[in-house]
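Position one of the sequence shown corresponds to residue 1 (full-length UniProt numbering), numbered consecutively onward. Virtual Cβ for every residue (Gly too), placed ideally from N, Cα, C. Before any comments, here is the structure.
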Amino acid sequence: MFYCRNFPPICYIIMSHLKLNAFFTFLSIYCYIFLLSECLMFDGKVPPRIAEIRSNQTLMIGSKFKFLCYLESGTKPFKFEWFKNNQAILENKSPPSSSYTIKTNEDESMMSITAIDIDDEGIYSCSVRNDFGTDRKSIRLVVKVPPSWLVEPKDVHTNGKERYRLECKADGSPKPTIKWITSKGITIESEYLDVDKYRTANIDSYECVADNGVGEPLRKAVKVSFMVPVKFNEKFFSLKTKRGESARLECNATGDQPLSIQWTKNNVKLEKLGSNYEIIDTEIHTGIRSELFIQTTQSNDAAVYKCFAENEHGKDERTIRLEVVEVPGVAKNVHVKEVWSRTVSLAWSEPYSGNLPIQRYVIQFWRYQSGPHRLNEVLVSGSQTSYFLKDLTPGQSYELSIIAENEIGKGSSSTPISFVTGEEEPSAPPNDITVESMGPTTLRITWRSPPIENWNGDLKGYYIGYRRAQDNNSPFIYITMPIVKDFRHHTQSSPNSLSSSSSSSSASTKIRSSSSSSSAVKKEIHFHEYFLRQLNKGVEYKIVVKAYNSAGSGPQSHEIMATTFDGDLPPAFQLNVIDSTEETISLQWYQKLHGSSSALSSPSSIITSYTIHYRKEGEIKWKEVPISATLNVMGPTNDPNGHHQQSSLVNSNINNNNHHYHQLNSYSFVLENLDANVNYMIYVAAINRFGIGDPSNIATVHTQNGMSMISHEVVRRFNDANYYLEPMFVWPLLIAIVIIVLVLLVAYVFIRKTQNSNDNPCEFDFNS
Numbered sequence: 001m002f003y004c005r006n007f008p009p010i011c012y013i014i015m016s017h018l019k020l021n022a023f024f025t026f027l028s029i030y031c032y033i034f035l036l037s038e039c040l041m042f043d044g045k046v047p048p049r050i051a052e053i054r055s056n057q058t059l060m061i062g063s064k065f066k067f068l069c070y071l072e073s074g075t076k077p078f079k080f081e082w083f084k085n086n087q088a089i090l091e092n093k094s095p096p097s098s099s100y101t102i103k104t105n106e107d108e109s110m111m112s113i114t115a116i117d118i119d120d121e122g123i124y125s126c127s128v129r130n131d132f133g134t135d136r137k138s139i140r141l142v143v144k145v146p147p148s149w150l151v152e153p154k155d156v157h158t159n160g161k162e163r164y165r166l167e168c169k170a171d172g173s174p175k176p177t178i179k180w181i182t183s184k185g186i187t188i189e190s191e192y193l194d195v196d197k198y199r200t201a202n203i204d205s206y207e208c209v210a211d212n213g214v215g216e217p218l219r220k221a222v223k224v225s226f227m228v229p230v231k232f233n234e235k236f237f238s239l240k241t242k243r244g245e246s247a248r249l250e251c252n253a254t255g256d257q258p259l260s261i262q263w264t265k266n267n268v269k270l271e272k273l274g275s276n277y278e279i280i281d282t283e284i285h286t287g288i289r290s291e292l293f294i295q296t297t298q299s300n301d302a303a304v305y306k307c308f309a310e311n312e313h314g315k316d317e318r319t320i321r322l323e324v325v326e327v328p329g330v331a332k333n334v335h336v337k338e339v340w341s342r343t344v345s346l347a348w349s350e351p352y353s354g355n356l357p358i359q360r361y362v363i364q365f366w367r368y369q370s371g372p373h374r375l376n377e378v379l380v381s382g383s384q385t386s387y388f389l390k391d392l393t394p395g396q397s398y399e400l401s402i403i404a405e406n407e408i409g410k411g412s413s414s415t416p417i418s419f420v421t422g423e424e425e426p427s428a429p430p431n432d433i434t435v436e437s438m439g440p441t442t443l444r445i446t447w448r449s450p451p452i453e454n455w456n457g458d459l460k461g462y463y464i465g466y467r468r469a470q471d472n473n474s475p476f477i478y479i480t481m482p483i484v485k486d487f488r489h490h491t492q493s494s495p496n497s498l499s500s501s502s503s504s505s506s507a508s509t510k511i512r513s514s515s516s517s518s519s520a521v522k523k524e525i526h527f528h529e530y531f532l533r534q535l536n537k538g539v540e541y542k543i544v545v546k547a548y549n550s551a552g553s554g555p556q557s558h559e560i561m562a563t564t565f566d567g568d569l570p571p572a573f574q575l576n577v578i579d580s581t582e583e584t585i586s587l588q589w590y591q592k593l594h595g596s597s598s599a600l601s602s603p604s605s606i607i608t609s610y611t612i613h614y615r616k617e618g619e620i621k622w623k624e625v626p627i628s629a630t631l632n633v634m635g636p637t638n639d640p641n642g643h644h645q646q647s648s649l650v651n652s653n654i655n656n657n658n659h660h661y662h663q664l665n666s667y668s669f670v671l672e673n674l675d676a677n678v679n680y681m682i683y684v685a686a687i688n689r690f691g692i693g694d695p696s697n698i699a700t701v702h703t704q705n706g707m708s709m710i711s712h713e714v715v716r717r718f719n720d721a722n723y724y725l726e727p728m729f730v731w732p733l734l735i736a737i738v739i740i741v742l743v744l745l746v747a748y749v750f751i752r753k754t755q756n757s758n759d760n761p762c763e764f765d766f767n768s
């Protein structure tokens, strides 16, 4: 059945379907007219329609509830019905907890409850019907109920021996949440509270809060009191402290007051105050804290301490073991069992451990050859009391000490012991080997010691090997050259050690230290020289050098070739001292003849120059002054100190920063600008084309102190060939001539003036 209000859409649908067939147009028009007449025929036969209402309503318990159900449309008469949770509601026949009132008119009905209760909560429905249909609307009623106690918490008193829980329960709508709040603000959301968990926090009051957002929260505060006997939570404790430091032993007892504590040391009662300790008791919220302070711990403070606590509910005790620990003692009986060239066997006795396990030993060792060297350390396990010390240097003097170490630290080192490793042959040849010819039968060989680390002991000397260069199949002939330790005394004894003589068959040596120290114990790199004599004239030789010590000889150096001169060197001279002042020394020398004079007159023996060697007594290094023997000026040379100097003929200066030299006749020479009141050692050597001849005798001269320079200057100038040309002679003479001329001139002027006065007598004026 269609109704008028539905006509336009229904007719539209019918017309739309009918238009699908165009040839039924007349039929479509007829259908439209029929449907229109039907809609008009049934107008007013409308089913009921209830106005829209909200689906939910929330009210506080005790509030009034109304549900109005009215119709928007429909054809009368109507019949209204009410339901709660799909069960029909009969007016005044509801449960005792509720009182329903229903008022109905022709087109509306209202159901009301004067004071709602929690039981009134539910879904309420209004249903209406007429002859043409039915309609129904529903609303959910939610009743809010503030919380109320189901189980109300109460104060508790307990001895604390059993676990106890506080209970708090509440009801309401919605269901309330339960939480506990302690006196220190701790919140626990639960209906139950285990108070034993909060005893140690000194919490004795708790509040239960029930809240569901309806009205004021429900609160209840309770108190929990315990009867607590004395108790130590930790019965045993061990404490370690360093010797010399302070120590604090603590006993914290929990329990009800009054509470007392007593201390004992090794079962001996302790007073509150002792010579090295003090006991302080402090009441705390859980009981009492007792502290034993030891100001400076000593070995006798190590003991077992006990503290006894007691209150009216019980007693308890606590044990503290105090250990005074310290660094280990000194290792005992440190000794060397056996020594090899690169290894030494050590042993020692375990020292006092300091009440702690010894973790390790530190072996400290260092070279003690000519003074301490870099410190070396080796770590050894604390369980060992012996050790093989390896990788040492042969032939070295060492010192060694041992230090024990525990977790506190290192103890004191043992008294150093010394040992010397066994020697091995030198492991390296000498360095910087040079060979030069010093004459027809002599070669001068110089070299530097091998590196000290390759000595492998104390060098005793060197083997100098030589052979003719063309005799490759012949073995080297070795000459032993022991090392002269006291090289300073040796080099000062005679200048003959500086060159060679063809008639000498013995070896001489000079050691020049590269260090300023001349200690016999100190190992140093030295320069050595050796004069190989009694060789053949004009022959080429191969030279090698190798070092040796007590264990044997080391590797030889590479071969050096040199040829002896094919002529003779100049002979030695006799040196004389003529005069000395505080700044100068006058020298004179003449030739000492050795053999026939033909050797001196031969061209190969012509002396080309001289060298004056001088030094202060006590110095090692000689200073050299070259002098031409051909009456020609020699070129500039460098003295041993690196200063520039020059030698010249008589009356010509040899300039140095500090000295001036003058060559005199007959090979006379003056050393100038010397230091006053000092002993000087001087010798002279001649030079020809084959080399430097044997030196003269050493002349030792003492410069004067405070003598007049003029007299010595006059003597020296007088001995000069052209002394009258010296300024010392010319200037006084010129000054004397000038004075004489001036005197004569003054005398002449005076005489002339006197003569003029005599020729003109005085005239008198008698008229005046």
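Classify residue i as buried or exposed, calling it buried when 16 or more other Cβ atoms lie within 10 Å of its own Cβ.
i	result
GLY255	buried
LYS753	exposed
GLU425	buried
LYS235	exposed
LYS337	exposed
GLU423	buried
GLN295	exposed
VAL684	buried
ILE477	exposed
GLU52	exposed
ARG248	exposed
PHE388	exposed
SER349	exposed
State the start and end residues of the unbroken beta strand (DSSP E) segment that holds residue i.
i	result
GLU216	Taken as a continuous stretch (DSSP letters only), GLU216 belongs to no beta strand (DSSP E), as it is neither H nor E.
PHE132	Segment: none, PHE132 is in no beta strand (DSSP E) and carries neither H nor E.
HIS528	526-532
ASN56	56-60
TYR614	609-616
GLU283	277-284
LEU71	65-73
GLY172	169-173
HIS157	156-158
HIS335	332-339
TRP622	Taken as a continuous stretch (DSSP letters only), TRP622 belongs to no beta strand (DSSP E), as it is neither H nor E.
ALA303	303-311
SER190	Careful: SER190 lies outside any beta strand (DSSP E) and carries neither H nor E.
SER437	431-437
Leaving out five residues before and five after residue i in sequence, what residues of the same chain have Cβ atoms less than 8 Å from its Cβ?
i	result
THR177	GLU189, ALA210, ASP211, ASN212
PRO153	LEU166, GLU167, CYS168, TYR206, CYS208, LYS220, VAL222
SER474	ARG467, ARG468
MET481	GLY461, TYR462, TYR463, ILE464, ALA507, THR509, HIS528, TYR530
SER55	SER138, ILE139, ARG140
For residue i, which of the options has the nearest alpha-carbon?
i	options	result
ASN697	GLY133, THR703, ALA686	ALA686
THR319	GLU271, GLU619, CYS251	CYS251
THR297	TRP455, THR446, VAL325, SER63	VAL325
ILE61	PRO695, GLU121, CYS69, PHE237	GLU121
PRO440	ARG140, SER341, ASP694	ASP694
VAL128	LYS76, TRP348, TRP149, GLY461	LYS76
ASN376	THR385, THR393, GLY382, GLN384	THR393
ARG49	LEU59, ASP107, ILE102	ASP107
ALA404	SER383, SER427, ALA331	ALA331
GLU216	ASN679, PRO146, ASP204, SER246	PRO146
LYS537	SER341, MET438, SER238	MET438
THR114	VAL230, TYR541, PHE67	PHE67
TYR277	ASN300, ILE288, LEU674	ASN300
Output needed for residue i: all residues of its chain with C-beta closer than 6 Å, excluding positions within five of it in sequence on either side, in chain order.
i	result
SER557	PRO429, PRO430, ILE433, VAL544, VAL545
SER586	ILE578, ASP579, VAL670
Using C-beta distances below 7 Å, list every residue in its chain close to residue i, excluding the 5 sequence neighbours before and after it, in chain order.
i	result
ASN104	Reading off the sequence shown, one finds Thr at residue 104, where the question assumed Asn. So the qualifying residues of the chain are PHE80.
Problem - Contact the stretch 301-310 vs the stretch 219-228: 3+ CB pairs below 8 Å - result: no
Exercise for the section: Report yes or no: do the stretch 566-573 and the stretch 672-692 share at least 3 C-beta pairs separated by less than 8 Å? Expected result: yes
Practice task
Decide yes or no for the touch test of the stretch 260-271 against the stretch 231-246: beta carbon pairs closer than 8 Å, at least 3 of them.
Solution key: no
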